[in-house]
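Shown next, in structure tokens, is the structure this report addresses.
Number of protein chains: 2
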Amino acid sequence: MNSEKTAVVLLSGGMDSAVVLAIARGAGFACEALSFDYGQRHRHELEAARRVAAALGAKGHTVLPIDMRAIGGSALTADIDVPKDRDDIGEGIPITYVPARNTIFLSYALALAEVKGARDIFIGVNALDYSGYPDCRPEYIAAYERMANLATKASVESEAALKIHSPLSEMRKADIVREGAELGVDFAMTHSCYDPDAEGGSCGRCDACVLRLKGFEEAGMTDPLPYPA
Amino acid sequence: MNSEKTAVVLLSGGMDSAVVLAIARGAGFACEALSFDYGQRHRHELEAARRVAAALGAKGHTVLPIDMRAIGGSALTADIDVPKDRDDIGEGIPITYVPARNTIFLSYALALAEVKGARDIFIGVNALDYSGYPDCRPEYIAAYERMANLATKASVESEAALKIHSPLSEMRKADIVREGAELGVDFAMTHSCYDPDAEGGSCGRCDACVLRLKGFEEAGMTDPLPYPA
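Note that the protein sequences, when read in sequence, are chains A and B.
Quick note: the first sequence uses my numbering, first residue 1, plus one each step.
Quick note: the second sequence uses my numbering, first residue 1001, plus one each step.
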């Protein structure tokens, strides 16, 4: 079977992008997973990404070292404490915001798509739970897609338009949990916590852990990851 | 004087981006130069970028290591011979095309602009001499600017629109030479050759050398760089 279309799938190792990879595979795409080693403090994510790519049958998995530290400006890459026990998740722009992160990630995905002959890129942005991140909004993704269709050799030479898929965009965390469960995603393989020093891997108190746990709770399911008591 | 607006200027070490930096300085911007060490074979460019940034009074100069080799697909980063003595420069998409290169470069510039509080980005793309590169065209730059204005925290919080300046866009190489000479750019500091092994630094026969020499000739000036006899 050589008739599968190829897609590039941004894979962080978190829950959301694992579900996106399962969705892309379910839609019949041969998937080239792309992860970044961007000096993040939560490197557990990269190990999770490798497990998830293998488990969900990605055709290839590229891990690109990119140096965001030279640019600075975020708790995920600079030496700022990861906030915990916040009661204002989703309001304003969080300290964990990384400048132009999705723009940089999508740009590498675009380059890899060109080299692999893919005209489809999947990204797990979510406009509801992450409303504080400008580069998770549908209007941003649409503008990126328009730009990408003018950016590359394939955009000049190919008949097929380049498409940026963001299937989670309008889903609540609970819907993402349910969708992943239906598609057979093993959530025990994924990693969400922002705190690199969390015992057992997950602190249960940073924004990422809180949103994840809330999602499982609302879906009426149990998160298979271990959390501190 | 703290009233200068800050701009991020993409600086390759080549002739064009040196002229762009001089234009941005002439327009009164405090300039944060940004160069990339992207595994290119013509690393002479980076040394040239450092000289040019200092000589033209850039406020800062960030050199970001980025790994394009993991993605591959071009004579500038992969192990493909640099073409020489071509008689079809400007026709079709050249082998020296790097997938999504300007998209990646501009994305890092956008991140640096956010961190430095800049709302202006300068890039030395040229739509005439480099018509084969899709990501040098004005419609691409306009689409990038629209996307960038939806991409970042500043785009949400700031009144000022983010502007991508491409002052060389409609200029012929000869015009760029003249403009640079008027603004006092020392072209002896710049480096254009694609061939990393060229004796004395410049082969005189690759696309970059041929376009550069033609520009000086048409401007009625002499390129100060040494070339093989």
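No residue lacks a Cβ here, since even glycine has one placed at the ideal position from N, Cα and C.
Please determine, among B:Asp-1085, B:Lys-1214 and B:Ala-1033, the residue with the shortest C-alpha to C-alpha distance to B:Ser-1017. Numbered from 1 along the second sequence, position 17 holds the residue referred to as residue 1017 of chain B. Of B:Asp-1085, B:Lys-1214 and B:Ala-1033, the residue nearest in Cα terms is B:Ala-1033.
Which chain A residues are close to B:Ile-1066, counting only those with a beta carbon under 7 Å from its beta carbon? The residue you call residue 1066 of chain B lines up with position 66 of the second sequence. The contacting residues are Ile-66.
On the premise that A:Glu-218 lies in contact with A:Ala-174, defined as a C-beta separation below 8 Å, what is that separation, rounded to the nearest angstrom? Start at 1 with the first residue of the first sequence, and residue 174 of chain A comes out as number 174. Start at 1 with the first residue of the first sequence, and residue 218 of chain A comes out as number 218. The Cβ separation is near 4 Å, so the contact holds.
Kindly identify the DSSP beta-bridge partner or partners of A:Asp-120. The sequence position of residue 120 of chain A within the first sequence is 120, counting from 1. The partner list for A:Asp-120 (beta bridge, DSSP) reads A:Ala-7 and A:Lys-163.
Would you report the Cα separation of A:Glu-159 and A:Arg-119, rounded to the nearest angstrom? Counting from one through the first sequence, the residue named residue 159 of chain A turns up at place 159. Counting from one through the first sequence, the residue named residue 119 of chain A turns up at place 119. If you take the alpha carbons of A:Glu-159 and A:Arg-119, they lie about 10 Å apart.
Would you verify that the beta carbon of A:Tyr-108 is, or is not, closer than 8 Å to some beta carbon of chain B? Residue 108 of chain A sits at position 108 when you count from the first residue of the first sequence. True, the Cβ-Cβ gap to chain B drops below 8 Å.
Chain B partners of A:Thr-190, CB-CB under 8 Å? To locate residue 190 of chain A, count along the first sequence from 1; it is residue 190. Those within 8 Å of A:Thr-190 in chain B number zero; the least Cβ separation is about 24 Å.
For the segment 149 to 164 of chain A, enumerate the residues whose C-beta is nearer than 9 Å to any C-beta of chain B, in chain order. Those residues of the segment 149 to 164 of chain A that come within reach of chain B (Cβ to Cβ, closer than 9 Å) are Asn-149, Leu-150, Ala-151, Thr-152, Lys-153, Ala-154, Ser-155, Val-156 and Glu-157.
Would you mind reading off the limits of the alpha helix (DSSP H) that contains A:Ala-143? As a position in the first sequence, residue 143 of chain A is number 143, starting the count at 1. 138 to 151 is the span of the alpha helix (DSSP H), which, as asked, contains A:Ala-143.
Helix, strand or coil: how does DSSP classify B:Asp-1037 here? Taking the second sequence and counting its residues from 1, the one referred to as residue 1037 of chain B is at position 37. The three-state secondary structure of B:Asp-1037, taken from DSSP, is strand.
Please name the residue, chosen from A:Asp-207, A:Ser-107 and A:Glu-170, that lies closest to A:Arg-195 on a Cα-to-Cα basis. Indexing the first sequence from 1 puts residue 195 of chain A at position 195. Contrary to the premise, residue 195 of chain A reads as Asp rather than Arg in this sequence. Measuring from the Cα of A:Asp-195, the nearest candidate turns out to be A:Asp-207.
Per-residue contacts from B:Asp-1207 into chain A (C-beta, under 9 Å): The count along the second sequence starts at 1 and reaches residue 1207 of chain B at position 207. Chain-ordered listing is empty here: chain A has no CB closer than 9 Å to the CB of B:Asp-1207, the nearest sitting near 16 Å.
Find the nearest neighbour of A:Leu-128 within the set A:Ile-104, A:Gly-204, A:Met-171 and A:Thr-62, judged by alpha-carbon distance. The residue labelled residue 128 of chain A in the question sits at position 128 within the first sequence. Taking only the C-alpha atoms, the option nearest A:Leu-128 is A:Met-171.
Within chain B, the residues that A:Thr-6 reaches when beta carbons sit closer than 7 Å: By one-based count along the first sequence, residue 6 of chain A stands at place 6. Under the 7 Å cutoff, chain B gives no residues; its nearest Cβ is about 15 Å from A:Thr-6.
If B:Gly-1013 sits next to B:Leu-1046, beta carbons under 8 Å apart, how far is it from one beta carbon to the other, in whole angstroms? The residue given as residue 1013 of chain B occupies position 13 in the second sequence. The residue given as residue 1046 of chain B occupies position 46 in the second sequence. Yes, they are in contact, since the Cβ atoms of B:Gly-1013 and B:Leu-1046 sit about 6 Å apart, within 8 Å.
With 16 as the cutoff for other CB atoms within 10 Å, does B:Glu-1157 come out buried or exposed? Taking the second sequence and counting its residues from 1, the one referred to as residue 1157 of chain B is at position 157. So B:Glu-1157 ends up on the exposed side.
Give every residue of the same chain whose Cβ lies closer than 7 Å to the Cβ of A:Met-221, excluding the five residues on either side of it in the sequence, and list them in chain order. Here residue 221 of chain A is taken as the residue at index 221 of the first sequence, counted from 1. Correct list, in chain order: Val-177 and Ala-181.
Positions along the segment 34 to 63 of chain A whose CB lies within less than 7 Å of some CB in chain B: Taking 7 Å as the Cβ-Cβ cut-off against chain B, the residues of the segment 34 to 63 of chain A that qualify are Thr-62.
Under 8 Å, Cβ to Cβ, is there at least one residue of chain D near B:Leu-1112? Chain labels in this structure do not include chain D; the protein chains are A and B.
Determine the DSSP secondary structure at A:Pro-134, reduced to helix, strand or coil. Your numbering for residue 134 of chain A matches position 134 in the first sequence. Note: A:Pro-134 maps to helix in three-state DSSP.
Can you list, in chain order, the residues of its chain with a C-beta nearer than 7 Å to that of B:Cys-1031? Leave out the 5 residues immediately preceding and following it. For the purposes of this step, residue 1031 of chain B is identified with residue 31 of the second sequence, where counting begins at 1. Taking B:Cys-1031 as the centre and dropping the five residues before and after it, the same chain places the C-beta of Ala-1007, Val-1009, Leu-1021, Ala-1024, Arg-1025, Ala-1058 and Lys-1059 closer than 7 Å to its C-beta, in chain order.
With 16 as the cutoff for other CB atoms within 10 Å, does A:Glu-43 come out buried or exposed? For this step, residue 43 of chain A is matched to residue 43 along the first sequence. In the sequence as displayed, the identity of residue 43 of chain A is Arg instead of Glu. Taking a 10 Å sphere around the C-beta of A:Arg-43, we find fewer than 16 other C-beta atoms and assign the residue as exposed.
Whose Cβ in chain B lies nearer than 8 Å to the Cβ of A:Met-147? For this step, residue 147 of chain A is matched to residue 147 along the first sequence. The answer, in chain order, is Thr-1103, Tyr-1140, Ala-1143, Tyr-1144, Arg-1146 and Met-1147.
Excluding the 5 residues preceding and the 5 following A:Tyr-227 in the sequence, name in chain order all residues of the same chain whose CB lies nearer than 6 Å to its CB. Walking along the first sequence from the start, residue 227 of chain A turns up at place 227. The answer, listed in chain order, is Ser-202 and Gly-204.
Go ahead and pull the three-state DSSP assignment for A:Thr-62. Walking along the first sequence from the start, residue 62 of chain A turns up at place 62. For A:Thr-62, the three-state secondary structure derived from DSSP is strand.
Three-state secondary structure assigned by DSSP to B:Glu-1170: The sequence position of residue 1170 of chain B within the second sequence is 170, counting from 1. Secondary structure at B:Glu-1170: coil, using DSSP grouped into helix, strand and coil.
By the three-class DSSP mapping on this structure, what secondary structure does B:Cys-1206 have? Counting from 1 along the second sequence, the entry for residue 1206 of chain B is found at position 206. B:Cys-1206 falls in the strand class under three-state DSSP.
Could you check whether B:Pro-1134 and B:Ser-1169 sit closer than 8 Å to each other, using their CB atoms as the reference points? By one-based count along the second sequence, residue 1169 of chain B stands at place 169. By one-based count along the second sequence, residue 1134 of chain B stands at place 134. Taking the C-beta atoms as reference points, B:Pro-1134 is found no nearer than 8 Å to B:Ser-1169.
Quick one: grab the DSSP three-state call for A:Ala-27. The sequence position of residue 27 of chain A within the first sequence is 27, counting from 1. Three-state result, A:Ala-27: coil.
Going by the CB atoms, is the gap between B:Val-1019 and B:Val-1185 shorter than 8 Å? The residue labelled residue 1185 of chain B in the question sits at position 185 within the second sequence. The residue labelled residue 1019 of chain B in the question sits at position 19 within the second sequence. B:Val-1019 is positioned such that its CB atom lies closer than 8 Å to that of B:Val-1185.
Once you ignore the five residues that flank A:Ala-49 on each side, which residues in its own chain have a CB closer than 6 Å to its CB? Position 49 of the first sequence, counting from 1, holds the residue named residue 49 of chain A. Within the same chain, A:Ala-49 has close Cβ partners Leu-11, Gly-13 and Ser-35.
Return the first residue and the last residue of the alpha helix (DSSP H) that B:Glu-1045 is part of. For the purposes of this step, residue 1045 of chain B is identified with residue 45 of the second sequence, where counting begins at 1. For B:Glu-1045, the enclosing alpha helix (DSSP H) stretches over residues 1044 to 1055.
Please confirm whether A:Asp-135 has its beta-carbon closer than 8 Å to some beta-carbon of chain B. Here residue 135 of chain A is taken as the residue at index 135 of the first sequence, counted from 1. It does: the Cβ of A:Asp-135 has a partner Cβ on chain B nearer than 8 Å.
For B:Asp-1085, count neighbouring C-beta atoms within 10 Å of its own C-beta (all shown protein chains included) and say buried if the count is 16 or more, exposed if not. Indexing the second sequence from 1 puts residue 1085 of chain B at position 85. B:Asp-1085 comes out exposed.
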